[in-house]
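Residue numbers (the working numbering): 380 to 667. Only one structure is covered here, and it is reproduced in the block below.
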Amino acid sequence: MPEETSAFRETLSLVDPSEEFHVDSSLSLEMTPALRAAIAGTQPLRVLCLHGFLQNGATLSQKTGRLRKAIKKVANFEFVDSPVLFTAEELAADEVLKNSQVLDTSDPDTLRSWWRMDTQRLVYHSFDETLANLEQVFREQGPFDGVFGFSQGAAMGALLAHLKSKGGPDRSGLPWLADLRFAILVSGFRARDPSLRYLFDTPVDFPSLHIIGEGDRIVAPSRSVTLSETFLQPEVLSHQGKHFVPTDKQTCEVVLTFLSHMLAEKTARQADAIEAAETTAAPQPAST
């Protein structure tokens, strides 16, 4: 089987239906009157949204409509397509995907991925192409305050968070990620390419919210928990559902609260920067 036709095996690691896994929600953030006052009248955050495997930006937009409505006063979701596009023929040639009841080739533009994986060596082909594409998006359409990702898009979003904190493969900085401050990751998993292993050596101090479905049969909940542990102080929300972006009342409230805290922190940083600039510009008293 050609390696590019098996790239999805990492995402579609179908879980044994008999597996039981409980995720303890770990949420420390609250929506308080002081928080509401801090963000009143502020400009919404800009959040770049990364779709899942065999989806595109329009697909994720459709699946997050209720959530976007709930958080519209504090954040705007902006969607992008991954640059890697499969053909229906190469996907249909893979037995795992064909039997998973996930494959839908009715819209060729949704057959997208953030990388092609060599399942023998766990190498991500096209990852450099994806990173260059995202750099262009950040430079031309940014700045973005945060990233929201689903499934493979969550894995990609986590990589951006870690790349900002630890630099690229040559350990150089990535200035185009300078404004990125948080990540919301739904059904995510830790990337396994050996060349990216250094990113996960130690947890990063980067605000993150992880949404995990205990009934997820596509990405095992344990893999999403493992991803959350690569962040220093992750917020974790579990739900009883499967492999989808939940938009129930509780999830919307948790995401709204998380984003409100991120907006309040941004507002405070901006106020501090203005104060520092004014202090620097103020005339100094003449010496006697």
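A virtual CB, placed ideally from N, CA and C, is assigned to each residue, including glycine. Values in this document were obtained by computation on a predicted structure and should not be read as measured data.
Item: Would you give the residue range spanned by the alpha helix (DSSP H) that residue 418 belongs to?; Value: 412-418
Item: Does the distance from the C-beta atom of residue 618 to that of residue 603 stay below 9 Å?; Value: no
Item: Excluding the five sequence neighbours on either side, which residues of its own chain have a C-beta within less than 8 Å of the C-beta of residue 622, listed in chain order?; Value: 530, 566, 592, 595, 596, 597, 598
Item: Cα separation between residue 584 and residue 620?; Value: 29 Å
Item: Mind checking who residue 588 pairs with in its DSSP beta bridge?; Value: 563, 614
Item: Cα-Cα, which of 556, 646, 500, 536 is closest to residue 458?; Value: 536
Item: Can you look up residue 480 in the DSSP assignment and give me helix, strand or coil?; Value: Unreliable placement is indicated for residue 480, whose pLDDT of 48 sits below 50; no coordinate value is reported for it.
Item: Should residue 533 go down as buried or exposed, given a rule of 16 or more other Cβ atoms within 10 Å for buried?; Value: buried
Item: Indicate the three-state DSSP secondary structure (helix, strand or coil) for residue 580 in the structure shown.; Value: coil
Item: Secondary structure at residue 457, three-state DSSP: helix, strand or coil?; Value: strand
Item: If distances are taken between C-alpha atoms only, which option among 650, 651, 633 comes closest to residue 407?; Value: 633
Item: Could you pull out every residue in the same chain whose Cβ sits closer than 6 Å to the Cβ of residue 578, ignoring the five residues on either side in sequence?; Value: 541, 545
Item: Here's a check: name, in chain order, each residue in its chain whose Cβ is nearer than 7 Å to the Cβ of residue 639, leaving out the five neighbours to either side.; Value: 410, 414, 418, 453
Item: How many angstroms separate the CA atom of residue 642 from the CA atom of residue 423?; Value: 7 Å
Item: Just the C-alpha distance for residue 508 and residue 553, rounded to the nearest angstrom, thanks.; Value: 15 Å
Item: If you draw a straight line from the alpha carbon of residue 549 to that of residue 613, how long is it in whole angstroms?; Value: 27 Å
Item: For residue 637, tell me which candidate among 547, 465, 434, 527 has the shortest Cα-Cα distance.; Value: 527
Item: Residue 504 bridges to which residues according to DSSP?; Value: 495
Item: Would residue 580 and residue 503 qualify as a contact pair, given that the criterion is a beta-carbon distance under 9 Å?; Value: no
Item: Under the three-state reduction of DSSP, which class applies to residue 408: helix, strand or coil?; Value: coil
Item: If I'm right that residue 432 touches residue 492 with Cβ under 8 Å, what's the distance once you round it to whole angstroms?; Value: 5 Å
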